[in-house]
Structures are given as structure tokens and as C-alpha cells.
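Accompanying notes for the structure given below.
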Amino acid sequence: MFSILVNSLKTGIVTEDRPFDARPPFGFPVIDFTRCTLCEECARSCPTGAIHIGTTAPGQRTLALSYGSCIQCRECVSACPDDAVSAGRATEVAAYTRAQLTQAAAFDVDPVTGRCTFRQIEVQPGPSLEESASRLRERIEGRLGRSLHVRQVDAGSCNGCELEIAATTNPFFDLERFGIHFVASPRHADLLLVTGPVTRNMEIALQKTYEAAPDPRVVVAVGACGCSGGIFGEGTYAAIGGVDRVLPVDVYVPGCPPRPQAILNGLLVAMGIREARLKPESAPV
Amino acid sequence: MSTVATVAAALGWPSGTVREPHPGELTLEAHAADLPALADRVTGQFDARLVSLFASDERGSHGRFVVHHVWSLPRLKAFLRVAAPVDPAEPGFPSIAARYPAANWFEREVMDFFGLAPYDHPNPERVALHGDWPDGVWPLRKDFHDGTSVPRVEGDFHPFRPVTGEGVFQVPVGPVHAGIIEPGHFRFGVAGEPVLYLQLRLFYVHKGTEKRFERLPWRHGLFLAESVSGDTAVGHALAYSHAIERLAGVDVPPRAQALRVVLLELERIYNHISDIGAVATDVAFAIPASRAQAQRETLVRLLERLFLTRLLRGTVAPGGVKHDLSQEGCDALRTYLRAFEREFDDLIGLLIDSGSFTDRVDGTGVLPNQAARDLGIVGVAARASGIDTDLRRDHPHDAYDGLQFEVPVEDGGDVRARLMVRAREVEQSFVILRQVIEALPDTPLRTPMPDTLPAGASALGWAEGWRGPCVHWVATDERGQIARVKVTDPSFLNWPGLVHAVPGNIIPDFPVINKSFNLSYSGNDR
Chain A
6 MFSILVNSLK
16 TGIVTEDRPF
26 DARPPFGFPV
36 IDFTRCTLCE
46 ECARSCPTGA
56 IHIGTTAPGQ
66 RTLALSYGSC
76 IQCRECVSAC
86 PDDAVSAGRA
96 TEVAAYTRAQ
106 LTQAAAFDVD
116 PVTGRCTFRQ
126 IEVQPGPSLE
136 ESASRLRERI
146 EGRLGRSLHV
156 RQVDAGSCNG
166 CELEIAATTN
176 PFFDLERFGI
186 HFVASPRHAD
196 LLLVTGPVTR
206 NMEIALQKTY
216 EAAPDPRVVV
226 AVGACGCSGG
236 IFGEGTYAAI
246 GGVDRVLPVD
256 VYVPGCPPRP
266 QAILNGLLVA
276 MGIREARLKP
286 ESAPV
Chain B
14 MSTVATVAAA
24 LGWPSGTVRE
34 PHPGELTLEA
44 HAADLPALAD
54 RVTGQFDARL
64 VSLFASDERG
74 SHGRFVVHHV
84 WSLPRLKAFL
94 RVAAPVDPAE
104 PGFPSIAARY
114 PAANWFEREV
124 MDFFGLAPYD
134 HPNPERVALH
144 GDWPDGVWPL
154 RKDFHDGTSV
164 PRVEGDFHPF
174 RPVTGEGVFQ
184 VPVGPVHAGI
194 IEPGHFRFGV
204 AGEPVLYLQL
214 RLFYVHKGTE
224 KRFERLPWRH
234 GLFLAESVSG
244 DTAVGHALAY
254 SHAIERLAGV
264 DVPPRAQALR
274 VVLLELERIY
284 NHISDIGAVA
294 TDVAFAIPAS
304 RAQAQRETLV
314 RLLERLFLTR
324 LLRGTVAPGG
334 VKHDLSQEGC
344 DALRTYLRAF
354 EREFDDLIGL
364 LIDSGSFTDR
374 VDGTGVLPNQ
384 AARDLGIVGV
394 AARASGIDTD
404 LRRDHPHDAY
414 DGLQFEVPVE
424 DGGDVRARLM
434 VRAREVEQSF
444 VILRQVIEAL
454 PDTPLRTPMP
464 DTLPAGASAL
474 GWAEGWRGPC
484 VHWVATDERG
494 QIARVKVTDP
504 SFLNWPGLVH
514 AVPGNIIPDF
524 PVINKSFNLS
534 YSGNDR
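Line by line, the protein sequences give chains A and B. Anchor point for the first sequence: position 47 equals 52 in the working numbering, and the numbering is continuous, going up by one each time. Anchor point for the second sequence: position 195 equals 208 in the working numbering, and the numbering is continuous, going up by one each time.
Put into C-alpha cells, the structure is as follows:
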């Protein structure tokens with residue numbers, strides 16, 4: 006008993022006041038579209054098809070990068086011959102729709118040389134982050150108060166996301182100080198934190214878990230697989246794909262796996278209190 | 014006498030039939046009818062252990078299926094793969110499960126995925142496919158497209174063994190569990206608190222991983238291998254890379270071999286600390302649990318500093334490694350090891366000096382040595398039940414051949430034994446890491462890989478991951494594309510061990526017993 010006491014006193018408090026201050030050495034890749042020549046090396050190197058190159062009209066092509074499918078393998082960074090793809094350091098990414106996780110640019114093709122030159126960043130259709138945020142806030146207005154009870158559901162994950170979700174409860178991050186608590190039953194939950202490409206064999210269990218949670222239930226999809234099927238793909242005999250193929254998803258937290266800070270950020274975004282509680286500069290993209 | 018001749022002579026097989034296509038990997042083609050006799054001879058002559066058992070569909074190229082038995086022959090530091098052709102007109106093969114229970118799930122999986130019947134199997138029920146999967150649809154056959162949408166069959170499933178008697182009842186748990194863990198269904202038959210038996214229903218997270226490998230270019234297969242079980246990214250990436258390198262005949266530079274050892278040991282340490290903490294959590298001993306979580310987080314942050322990744326994804330590449338460890342990196346690791354070794358000692362001391370803790374783990378969840386041998390248990394769980402096995406020593410890969418280290422073995426077979434094997438393995442990992450970083454060879458990090466793999470070839474790749482052996486078998490088709498990848502995660506062999514360790518214990522001890530095995534659902538289900 007005495008040794009336990011000494012050990013605790015010696016250790017002191019390890020919880021970090023500002024969990025979002027630490028910048029990782031690598032987050033998601035960032036494409037400098039103005040340097041891009043559309044050589045397609047990055048798209049070929051990408052194991053999940055997160056980088057997509059298409060032809061929209063004669064003489065016009067697009068390049069799209071989706072963080073929803075990105076597994077942060079850095080292959081595109083080393084594949085790019087023009088140094089247009091670099092290692093970004095933002096990891097606290099959260100969005101309200103899949104489309105918001107995609108950045109795209111339009112290119113003109115020179116009919117003689119075939120060379121592609123950057124024309125403009127494509128604006129994604131659909132609501133902006135601000136509009137989505139206020140919609141979500143309206144839906145859960147006043148209901149969650151200052152606490153959030155979370156039921157985690159692994160619907161097919163490789164368990165990488167589970168490791169990082171569990172890490173949010175460790176003494177360094179200690180997510181309970183934000184009023185977030187993991188509960189044992191969906192009946193006690195305000196929010197389902199769902200990982201994995203939803204498998205055929207977990208589809209029914211996931212739906213039943215959702216039905217068991219009381220309204221207004223919020224769904225957060227975690228990880229490249231939860232956002233898009235990731236490396237396992239969508240529509241295979243065993244993997245249905247992203248969580249939104251089975252349930253309505255309110256917030257997407259991409260990454261393979263997302264770091265604990267990103268998961269924490271996603272939960273705070275889902276509570277609609279991200280900005281109120283923490284510094285605005287680490288707000289989502 | 015050469016290994017090939019030794020094996021042929023001992024098995025009483027014509028010497029020309031045994032080949033050694035890659036170092037440390039023997040193959041033998043046999044008639045399916047001879048599989049049981051060969052199993053008896055391999056185990057009788059060489060004390061062999063079953064590593065994997067699987068099928069491949071070669072109807073397109075050779076008009077046949079093939080059933081493969083892979084044995085470890087530790088005395089010869091070699092694996093033996095026995096390949097037996099199966100005629101598609103008579104889709105079956107003789108089972109060895111009655112004599113070698115380790116083959117039980119493997120053979121049923123072959124039945125589920127290939128439609129090949131294991132003749133005389135003692136329990137030929139589905140293991141991988143769930144009840145709502147229609148009959149006659151076999152996803153790993155080549156004529157099954159991986160994008161097929163398979164309809165659900167209506168019916169009443171989960172035919173669990175019934176319980177009868179006064180005060181005897183069943184407790185169903187899962188697939189969605191109470192903690193932050195993976196899904197699976199447990200069905201306990203209990204009389205009051207004591208568990209009479211435990212039944213498992215797994216494969217809820219079956220993602221079609223092996224089929225997926227066949228669709229991806231081999232370079233991208235590496236990332237799929239890293240996602241077989243997220244906590245074993247290095248173990249599976251190494252097993253896959255080893256198979257690809259052996260296929261291509263590529264040697265990995267010495268510095269990369271050494272760094273792979275560093276990566277694999279760091280993965281072992283972060284998982285073992287995490288599990289030690291989790292055992293403390295499950296007996297409600299909060300202080301060491303919290304200390305272990307903090308130690309683990311400190312380590313994964315160091316990993317991120319050294320390798321740009323917390324969970325060591327994207328560090329291994331076929332042909333070598335992607336990241337060097339600089340002189341500063343080595344210094345940081347040395348400093349870390351010094352501090353961490355002391356903290357780790359404190360943590361273990363906190364646990365085993367506490368009577369209320371040892372009361373909960375001593376004699377809890379015993380897996381007896383004989384049961385562990387019969388079931389073919391591997392890795393940490395095997396060593397905690399007195400089986401002295403470790404691929405790092407028995408089939409050395411990467412730089413392990415030149416390193417001095419011990420393989421900790423405990424006899425208890427209980428939760429404490431599994432905890433102590435982990436604790437002593439962490440200490441051995443310190444010993445290994447120090448040896449490696451004191452003498453990092455100065456060579457390139459990667460050998461360039463050829464653009465294409467040899468056609469119609471195959472190779473095994475293996476690594477002793479933190480949980481146990483990760484074994485991949487990779488075969489190419491006539492164009493050199495991936496034709497089949499069989500992934501064997503240690504969890505697949507060890508889940509039946511849990512079923513044996515739990516009965517006789519009380520239900521409140523189940524979480525700590527389960528945690529002491531800490532098996533991967535994803536690695537098992539793939």
C-alpha cells in the first residue's frame with residue numbers, strides 16, 4: 006500500500022493541458038496543385054484509390070484527393086516527381102459529409118503537347134462545414150448538455166482504430182475531463198463511435214445497436230475504413246464499406262488509424278462544442 | 014546428409030519428391046490419401062508442429078485444387094509444406110483433425126471457402142461462414158468474383174449446445190461487447206457462477222482479406238498485410254515481405270534486417286505493456302493499469318518521433334525498411350530504454366507484490382500443457398503452458414540468427430504465467446534492442462525489387478510477432494500476379510485454447526482470462 010502511494014506521488018500528473026498542441030511529423034498528404042502536371046504517379050502509387058484522376062470534358066481533367074480513403078502510407082509523397090505532394094501536419098480532421106473530405110482541382114490539357122496545367126480548385130457541392138455544423142447543433146441542441154456518453158462499435162475494424170480510441174482514455178489524454186464517457190450499452194449512449202468497413206457479418210448487429218440507442222443519436226465514423234472502406238474496399242462479398250452505407254453518419258474522422266487527438270477532436274465536433282471549448286486555430290479543415 | 018535427403022529418408026519417401034525451393038522451406042507433393050500417414054510420420058520423426066493448413070484453387074492452370082499442410086520442423090530449422098492435389102470431380106480430402114486438433118478450424122475453413130469436404134472430420138460444421146450464408150457459394154474459389162453480393166438465407170442460426178438441469182443456464186455475450194474491443198459472440202453454459210463450458214462464434218469481422226490480396230498489385234498487398242490485425246502491423250508486414258522477397262530471390266541488406274528486429278521488438282514491447290495494464294484493469298487494480306497506459310503512450314510517442322508513425326505502419330517495405338534510425342535516433346532509444354527499464358520493473362513489482370492481485374491471477378484460466386500441445390497453441394500462450402517454441406530462434410528471420418536472447422517459458426498455464434511470459438519477454442526485448450543498436454551495420458536500407466514476380470511460384474514468409482507466429486504463403490499465377498495469399502495469425506490457433514482455459518472458472522474471471530490471451534478477432538476472421 007505504501008509503495009503504491011509513493012509510486013503515485015512520484016509520478017505526479019501526466020495529463021496534458023493542451024492535447025492539440027503537439028503537431029505530428031506526418032498527417033495527411035497535401036497536394037500543391039499549381040506544381041502538379043497530372044503525371045498520375047501519385048494515383049498509381051495509392052493503394053486505396055484515395056487519389057483519383059478523371060476526364061470531365063475534352064481538354065479538361067480533374068485530380069481529387071480524398072482524406073476519407075487515405076491510409077497515410079506516404080507512398081504518394083515519395084512517388085511525386087515534381088514535389089507537388091508533401092507531408093501535411095494536420096491530423097485533426099473531421100467533416101460532416103464524405104464530400105467535405107475531398108479536395109479537387111481542375112486542369113486544362115494543351116491539345117498539342119498534352120501537357121496539363123492547373124486551372125482552379127474545384128468547389129465541392131453540398132453544404133459547407135459551417136452549415137453542416139449548425140445543422141448538427143440544431144439537431145442535438147440542448148440535449149447532450151455538457152456530457153457525452155459514447156458506445157464504441159467495431160463493425161469490422163482491424164483493431165488499429167480501437168487501439169487509438171482506447172488511447173484517448175489514457176492518463177495523457179484523459180477524455181473524461183471533457184465530459185466524454187465510454188458506456189457499456191447502446192441504451193446509455195448519446196453517440197455511436199463506429200469503426201471498420203462494415204462487414205456483412207456485423208451489419209445486422211450494427212443496425213440493432215443503432216436502434217437500441219435513444220434519440221437524438223449521433224453517429225461518428227472513425228478511420229479510413231469507417232469513412233470509405235479503406236484498404237478493404239466497398240461492395241465486396243464480405244465488406245459493405247463505409248459506415249454511411251448502413252447508418253446515417255454525422256461526423257467523419259479519417260486516418261489509418263486516426264491519432265487520439267483526431268478522435269477526441271471528432272467527438273468534440275460531434276458535441277457541437279469544439280470551438281467553444283478549445284482554441285479556434287485547431288478547428289477542422 | 015542434406016536436409017532434403019534427411020527428410021525424405023525419415024519419411025520413407027522417394028528422395029526426388031522432397032525439394033527445397035527456398036532456404037529453410039521444404040516442399041513435398043503427395044496424394045491426398047497419404048496426408049494422414051505423412052502427418053503421423055512428420056510429428057513422430059521430427060516433433061513437428063502444425064503451422065498452417067489451407068487450400069488453393071489451381072483449376073485454371075492445372076485442373077485441380079491443392080490442399081497444403083505446413084509443418085514446423087524446429088530441429089532442422091525448416092518448414093515442410095506438404096501439397097496434395099484434389100480432383101475437382103471429387104472435392105474432398107482426408108481430415109487429420111481427430112488426431113491433430115490444431116487442424117480442426119483450418120479444415121473447416123477450407124470447407125467453407127473452397128467447398129472441399131474434410132472426410133471423417135469429427136465436427137464438419139461451418140466455422141467461418143455464418144448461418145445466413147447460402148450453401149454452395151465458396152468465396153475463395155477463382156470463379157467467385159469478390160464483388161458478388163451474396164444474399165442472406167433466412168433461418169434460425171447459432172445452433173449452440175443446449176444446457177439442461179436445475180439452476181443451469183446460458184449467458185450470451187456479444188457480438189457487440191461492453192468495452193472498446195472487437196466483436197465476437199461468447200456463449201457460456203453456467204451453473205451459478207462457475208462456467209461449465211464456453212462456445213465461440215467468431216468471424217463477425219471477416220473482411221475477405223485473402224480474396225482482396227488477389228485483386229491488389231503485390232506492392233499494395235503490403236498495406237493490406239499491415240491491416241490484418243492492427244496491433245501486429247510489423248509482424249504481418251514482415252511475414253508478407255519475407256514471402257515476396259523469397260519469391261523474387263531478393264536479399265535484404267544487413268542494416269534493414271537489423272532495423273526490422275528493432276521494429277518487431279518495439280511492437281512487442283508496446284503491446285505487452287498494454288496487455289499487462291489490461292490484466293490489471295480487469296481485476297480493478299487501477300494504479301498499475303494507469304501506469305502501464307502511460308508507459309505505452311510514452312513509447313508510441315517515441316515511435317512517432319523515430320519512425321513518423323505511432324503504430325509502426327508504413328515502416329517495412331519488401332526489400333528492406335522505409336526509415337533509417339539515425340545516430341540521434343539510436344541515442345534517443347538508448348535513453349528511453351534506460352528510463353523505461355526502471356519504470357517497467359516498478360510496474361511488475363507493483364503487481365506481483367500485491368496479494369490481492371496475485372489472488373486473482375494465480376491458478377486462474379489454466380491451459381494445461383497437454384491441451385496446449387494437442388491444440389497446437391502458439392506464441393505467448395504456448396510458452397506460458399510450458400511449450401518452448403519461438404520462430405525467432407527455431408526459424409530465425411531477419412537479424413535474429415546472430416543475436417543472444419532467451420525464450421522465456423513458464424509452466425503454470427494460468428493468467429499469471431501468461432503475464433510473466435510477457436514481462437520476461439519485454440526484458441529480453443531490451444537485451445535484443447541494445448545488441449542491435451550497438452552494432453547497426455552500415456549498408457543501404459533497401460534492395461530494389463524487380464517489377465514482376467516469377468510466374469507460377471510460391472513461398473512462405475514468417476515472423477514471430479508479439480502474439481505469436483505470423484505466417485503468409487504467397488503464390489503467383491502464370492503471369493506473375495498474386496494468385497493466393499494465405500494469412501495465418503496466431504489468434505486462429507489460440508482461440509480454441511481460451512475455450513479450454515475458461516471452464517471451471519467463475520464468470521467474473523472471464524475478462525481477465527480473455528485479456529491474458531488477448532487474441533485478435535480481426536487476425537482470426539480476416
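We treat Cβ as the ideally placed atom computed from N, Cα and C, and that holds for glycine. Only a predicted model underlies this, so the values are computations on that prediction, with no experimental measurement involved.
For the stretch 210–235 of chain A, the set of residues with a beta-carbon nearer than 7 Å to any beta-carbon of chain B comprises A210 and T214, in chain order.
When secondary structure is reduced to three states using DSSP, C78 (chain A) falls in the coil class, being assigned neither helix nor strand. Excluding the 5 residues flanking it on each side, P98 (chain B) has same chain C-beta neighbours closer than 6 Å at R77 and V79, in chain order.
Within chain A, the residues whose beta carbon sits less than 8 Å from that of A307 (chain B) are T16, V19, N175, P176 and F177, listed in sequence order.
Here V484 (chain B) is not near V140 (chain B), since their CB atoms are 8 Å or more apart.
Per the coordinates, the alpha-carbon of R405 (chain B) lies some 30 Å from the alpha-carbon of L363 (chain B). Close CB contacts of R228 (chain B) within its chain, under the 7 Å cut and outside five residues either way in sequence, are with D159 (chain order). Taking 9 Å as the cut-off between beta carbons, the residues of the stretch 213–232 of chain B near chain A are F216, Y217, V218, H219, K220, G221, T222, K224, R225, R228, L229, P230 and R232, in sequence order. Short of 6 Å from the beta carbon of T245 (chain B), and not among the five residues preceding or following it, lie these beta carbons of its own chain, in chain order: G478.
Pairwise C-beta distances place the stretch 422–433 of chain B in contact with the stretch 368–385 of chain B, as three or more of them are shorter than 8 Å. Residues of the stretch 238–264 of chain A whose Cβ lies closer than 9 Å to any Cβ of chain B, in chain order: G238, G240, T241, Y242, A243, A244, C261, P262 and R264.
For V64 (chain B), the enclosing beta strand (DSSP E) has its first and last residue at R62 to E71. C-alpha of V248 (chain A) to C-alpha of C163 (chain A): approximately 15 Å in a straight line. Chain order gives the chain A residues near H143 (chain B) as N206, where near means a beta carbon separation below 7 Å. Taking a 10 Å sphere around the C-beta of Q125 (chain A), we find fewer than 16 other C-beta atoms and assign the residue as exposed.
At a cut-off of 8 Å between C-beta atoms, N12 (chain A) counts as an interface residue with respect to chain B.
In this structure, the beta-carbon distance from G235 (chain A) to S13 (chain A) does not fall below 8 Å. G246 (chain A) has A:V203 as its beta-bridge partners, per DSSP. Distance from the CA atom of G327 (chain B) to the CA atom of V186 (chain B), rounded to whole angstroms, is 36 Å.
Neighbours of I268 (chain A) in chain B, taken as residues whose beta carbon is under 9 Å from its own, are absent, since the nearest beta carbon is some 11 Å off. For V158 (chain A), the chain B residues whose C-beta falls within less than 7 Å of its own C-beta are V189, listed in chain order. Nearest to S162 (chain B) by C-alpha distance, out of A:H193, A:E45 and A:G240, is A:G240. Taken through DSSP and simplified to helix, strand or coil, P185 (chain B) comes out as strand.
The three-state reading of DSSP puts Y210 (chain B) in strand, counting E and B together.
If you look at T16 (chain B), you'll find it isn't in any beta strand (DSSP E); it sits in the alpha helix (DSSP H) that goes T16 to L24. Bounds of the beta strand (DSSP E) holding R94 (chain B) are A91 to V99.
Around I9 (chain A), the beta-carbon contacts reaching into chain B at under 7 Å are I300 and L363. Sequence-ordered contacts of the stretch 24–41 of chain A with chain B read A27, P29, P30 and F31 [C-beta pairs closer than 9 Å]. A Cβ-Cβ separation of about 12 Å leaves R88 (chain B) out of contact with T402 (chain B) under the 8 Å criterion.
The beta-carbon distance between T465 (chain B) and G493 (chain B), rounded to whole angstroms, is 4 Å. This is short enough to meet the 8 Å contact definition. Cβ-Cβ distances below 6 Å link F38 (chain A) to A110 and F123 in the same chain, with the five nearest sequence neighbours on each side left out; the list follows chain order. Taken in chain order, the members of the stretch 73–84 of chain A whose beta-carbon sits within less than 7 Å of a beta-carbon on chain B are I76, C78 and R79. Residues of chain A with a Cβ closer than 7 Å to the Cβ of T456 (chain B) do not exist; the shortest Cβ-Cβ separation is about 20 Å. Setting aside the 5 residues that flank it on each side, A111 (chain B) is surrounded in the same chain by D133, H134 and P135, each with a C-beta closer than 8 Å to its C-beta; the list follows chain order. Annotation for A514 (chain B): G378, V379, L380 and I526 place their beta carbon closer than 7 Å to its own, counting only its chain and skipping 5 residues before and after. Nearest neighbour of D407 (chain B) by Cα position, chosen from B:G234, B:G37 and B:V292, turns out to be B:G37.
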